[in-house]
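See structure below.
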Amino acid sequence: MKNIFSKTFFYNEKFIFVMLFLFSAGIAIQRHLIGAANYGNFIIFRNSFFHLINYQDLYLKYSHEYRDYFLYSPTFAVLMAPFALLPIFPSMILWSVLNGICIFFAIKMLPFDVRKKFFLFLIIFMEFNTSLTNMQTNTLVVSFLIFTFAFLERKNNFLAALFLVLTFYIKIYGIFAGIFFLMYPDKIKFILSTIFWMLLLFLLPLIFISFKHLSFLYQSWFYLTTAFQADQTGVSLIGILKTWFHFQPPTLWIELFGTFILVLPFFKKKFFKNAHFRIFWLASFLIWSVIFNHMAESPSYIIALFGVGIWYLAVTPKKTEMILLGFVLILTCLASSDAVPLSVRMHVILPYSLKALPCVAVWLYIQYRLLFWKQSA
11 MKNIFSKTFF YNEKFIFVML FLFSAGIAIQ RHLIGAANYG NFIIFRNSFF
61 HLINYQDLYL KYSHEYRDYF LYSPTFAVLM APFALLPIFP SMILWSVLNG
111 ICIFFAIKML PFDVRKKFFL FLIIFMEFNT SLTNMQTNTL VVSFLIFTFA
161 FLERKNNFLA ALFLVLTFYI KIYGIFAGIF FLMYPDKIKF ILSTIFWMLL
211 LFLLPLIFIS FKHLSFLYQS WFYLTTAFQA DQTGVSLIGI LKTWFHFQPP
261 TLWIELFGTF ILVLPFFKKK FFKNAHFRIF WLASFLIWSV IFNHMAESPS
311 YIIALFGVGI WYLAVTPKKT EMILLGFVLI LTCLASSDAV PLSVRMHVIL
361 PYSLKALPCV AVWLYIQYRL LFWKQSA
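In the working numbering, the protein residues as written are 11 to 387.
Rendered as structure tokens:
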């Protein structure tokens, strides 16, 4: 009989799948048992479908239903239909398990052996727990971004474009991942596939509403995401500059500067055929999408941790890499968890954006490696 404590057991993909499935379901059950105040995000997502089909403005604050705003696209509201039509308890389990399964397949599709995949799961576990506990969309976003990369690697432009567009309709910044296609052949096929999925998913709400109301909803979404959120700094590099140095240039300038640094390696076209170069850039993109996001919250760091984990597993780790990984695990993950007293988290970790600091350090290191790339990683 196989010893359940043996390494080979833990490195088994079936074991990882079952563990993720049960853990995800368990989180949903736990959140439901402790009350509706602890799954407000899911209620926002769920109720958006009913607001849509009743021709309501998705982007008002429905204070009698929940405490926050719906910040996603009308298409996302349609995609929430299966969860809205089920009773709240099974729909929460379905949502949580869907997130867990997507994470499993995202890890599975990466070009690492099963031992490295298990180690990646350990690296992201605490942030995965944070995202699930908050009933957020971040696990879906990072999974779809990795699916986009993985299908491009497999020369399946049609599915790569689908997951890119799904990411956009959840989080607008996801569309920036479209830059991946520059590293691959068949660019025209990818562009045409992206246009196809963009149009199809844009028109999806017309099953339930008129085109006039759909246009109104997109205008309302634009006003909410620009005017209402303009002064936020989030758990990001922008937050570090503001709280540490009292330096706050326009958010757009910082984001444009970060984007410029991100895309600089694309001038090294001769390395696009190098698989290590491509996966390094995937890691860089995932971290960048969080640390330069002025609306980033703690649950967003599942995306950045995936980037850190992918980078670490893609190299032959030496002292510098191990120190940086330890820095991330201690300050980004552990210091933001219940292992640290709430007063410290609320008065030190959160206001000074310390969760972002190690990820900024890793991102700068990755960009240095990309800009001065050699044939071996």
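Don't be surprised by glycine CBs; every beta carbon is placed ideally from N, CA and C.
Measuring alpha carbon to alpha carbon, tell me which of Tyr179, Tyr82, Phe191 ends up nearest Phe161.
Along the sequence shown, read from residue 1 onward, the residue named residue 161 stands at position 151. That would be Phe191, whose Cα lies nearest to the Cα of Phe161.
Coarse secondary structure for Lys384, derived from DSSP in three states:
The residue you call residue 384 lines up with position 374 of the sequence shown. Of the three classes helix, strand and coil, the one that applies to Lys384 here is coil, per DSSP.
Cβ pair count under 8 Å reaching 3, the segment 116-125 against the segment 252-265
Output reads no: the segment 252-265 does not touch the segment 116-125.
Buried versus exposed, by CB contacts within 10 Å (16 or more), Lys222:
Along the sequence shown, one-based indexing puts residue 222 at 212. It counts as exposed.
Please name the residue in Leu247, Phe302, Leu274 whose C-alpha comes closest to that of Tyr183.
Translated into positions along the sequence shown, residue 183 becomes position 173. Comparing Cα positions, the closest option is Phe302.
Going along the chain, which residues of its own chain have a beta-carbon closer than 8 Å to the beta-carbon of Pro327, five neighbours each way excluded?
Position 317 of the sequence shown, counted from the first residue, corresponds to residue 327. So the list reads Leu335, once near-sequence residues are dropped.
Continuous alpha helix (DSSP H) stretch holding His42: start and end
Here residue 42 corresponds to residue number 32 of the sequence shown, with the count starting at 1. Residues 23-43.
Closest to Leu130 by C-alpha separation, out of Leu214, Trp321, Leu352, would be which residue?
Walking along the sequence shown from the start, residue 130 turns up at place 120. The candidate whose alpha carbon is nearest that of Leu130 is Trp321.
Check whether the Cβ atoms of Lys218 and Ile103 sit closer than 8 Å, and answer yes or no.
Here residue 218 is taken as the residue at index 208 of the sequence shown, counted from 1. Here residue 103 is taken as the residue at index 93 of the sequence shown, counted from 1. The amino acid occupying residue 218 in the given sequence is Phe; Lys does not appear at that position. Annotated as distal: Phe218 and Ile103, with beta-carbon spacing of 8 Å or more.
Going by beta carbon distance, what residues of the same chain come within less than 7 Å of Phe52, once the five residues before and after it are set aside?
Position 42 of the sequence shown, counting from 1, holds the residue named residue 52. Setting aside the 5 residues that flank it on each side, Phe52 is surrounded in the same chain by Met102, Trp105, Met145, each with a C-beta closer than 7 Å to its C-beta; the list follows chain order.
Please confirm whether Ala371 and Phe316 have their CB atoms less than 8 Å apart.
By 1-based counting over the sequence shown, the position of residue 371 is 361. By 1-based counting over the sequence shown, the position of residue 316 is 306. No, the pair does not count as a contact, with Cβ atoms beyond the cut-off.
Look at the alpha carbon of Met29 and the alpha carbon of Glu137, and state the distance between them as a whole number of angstroms.
As a first step, residue 29 must be located in the sequence shown, where it is residue number 19. As a first step, residue 137 must be located in the sequence shown, where it is residue number 127. Rounded to whole angstroms, the gap between the alpha carbons of Met29 and Glu137 is 16 Å.
So, helix, strand or coil for Gly184, using DSSP?
Numbered from its first residue, the sequence shown carries residue 184 at position 174. The DSSP-derived three-state label of Gly184 is helix.
Using the rule of at least 16 other Cβ atoms within 10 Å of the residue's Cβ for burial, across every protein chain shown, is Leu380 buried or exposed?
Here residue 380 corresponds to residue number 370 of the sequence shown, with the count starting at 1. Counting Cβ neighbours within 10 Å, Leu380 comes out buried, since at least 16 surround it.
Cα-Cα separation, Pro368 to Ile134
Taking the first residue of the sequence shown as position 1, residue 368 is located at position 358. Taking the first residue of the sequence shown as position 1, residue 134 is located at position 124. Roughly 14 Å between the two C-alpha positions.
Buried/exposed call for Gln40, threshold 16 Cβ in 10 Å:
On the sequence shown, residue 40 is found 30 positions in, with the first residue counted as 1. Residue burial is scored here from C-beta neighbours: Gln40 has fewer than 16 other C-beta atoms within 10 angstroms and is therefore classed as exposed.
Based on Cα-Cα distance, which residue from Ala91, Ser34, Leu352 lies nearest to Asn57?
Position 47 of the sequence shown holds residue 57. Here the closest residue by C-alpha is Ala91.
Decide if the segment 66-86 is in contact with the segment 198-210; the criterion is three or more beta carbon pairs, one per stretch, under 8 Å apart.
By the Cβ rule, the segment 66-86 does not count as touching the segment 198-210, because fewer than three pairs are nearer than 8 Å.
Go ahead and pull the three-state DSSP assignment for Gly249.
Mapped onto the sequence shown, residue 249 falls at position 239. Three-state result, Gly249: helix.
DSSP state of Ser230 mapped onto helix, strand, coil:
The residue you call residue 230 lines up with position 220 of the sequence shown. Note: Ser230 maps to helix in three-state DSSP.
For Arg125, the first and last residue of its enclosing alpha helix (DSSP H):
What you label residue 125 is simply residue 115 of the sequence shown in a count that begins at 1. Arg125: member of the alpha helix (DSSP H) spanning 124-143, first to last residue.
Can the beta-carbon of Leu227 be found closer than 8 Å to that of Thr85?
Position 217 of the sequence shown, counted from the start, is the residue given in the question as residue 227. Position 75 of the sequence shown, counted from the start, is the residue given in the question as residue 85. No; because the gap between Cβ atoms is not below 8 Å, this pair is not in contact.
Euclidean distance between Cα positions of Ile44 and Cys112:
As a first step, residue 44 is located in the sequence shown; it is residue number 34 there, counting from the start. As a first step, residue 112 is located in the sequence shown; it is residue number 102 there, counting from the start. C-alpha separation (whole angstroms): 26 Å.
Give me the Cα-Cα distance between Val151 and Lys329, rounded to the nearest whole angstrom.
Along the sequence shown, read from residue 1 onward, the residue named residue 151 stands at position 141. Along the sequence shown, read from residue 1 onward, the residue named residue 329 stands at position 319. Straight through space, the alpha carbons of Lys329 and Val151 are spaced by roughly 32 Å.
Let me know the secondary structure DSSP gives Val372 once reduced to three states.
In the sequence shown, counting from the first residue as 1, residue 372 sits at position 362. Residue state, collapsed to three classes: helix.
Coarse secondary structure for Gly317, derived from DSSP in three states:
Along the sequence shown, one-based indexing puts residue 317 at 307. Residue state, collapsed to three classes: helix.
Is the beta carbon of Lys279 closer than 8 Å to that of Trp383?
Looking up residue 383 in the sequence shown gives position 373. Looking up residue 279 in the sequence shown gives position 269. No; because the gap between Cβ atoms is not below 8 Å, this pair is not in contact.
With Ile340 as the anchor, note down where its alpha helix (DSSP H) starts and where it stops.
Within the sequence shown, numbered from 1, the residue matching residue 340 stands at position 330. Element bounds for Ile340: n/a, residue is neither H nor E.
What is the DSSP secondary structure of Tyr311, counted as helix, strand or coil?
Counting from one through the sequence shown, the residue named residue 311 turns up at place 301. Helix, per DSSP.
Inter-residue Cα distance where the pair is Ala306 and Lys126:
To locate residue 306, count along the sequence shown from 1; it is residue 296. To locate residue 126, count along the sequence shown from 1; it is residue 116. Approximately 28 Å, taken between the alpha carbons.
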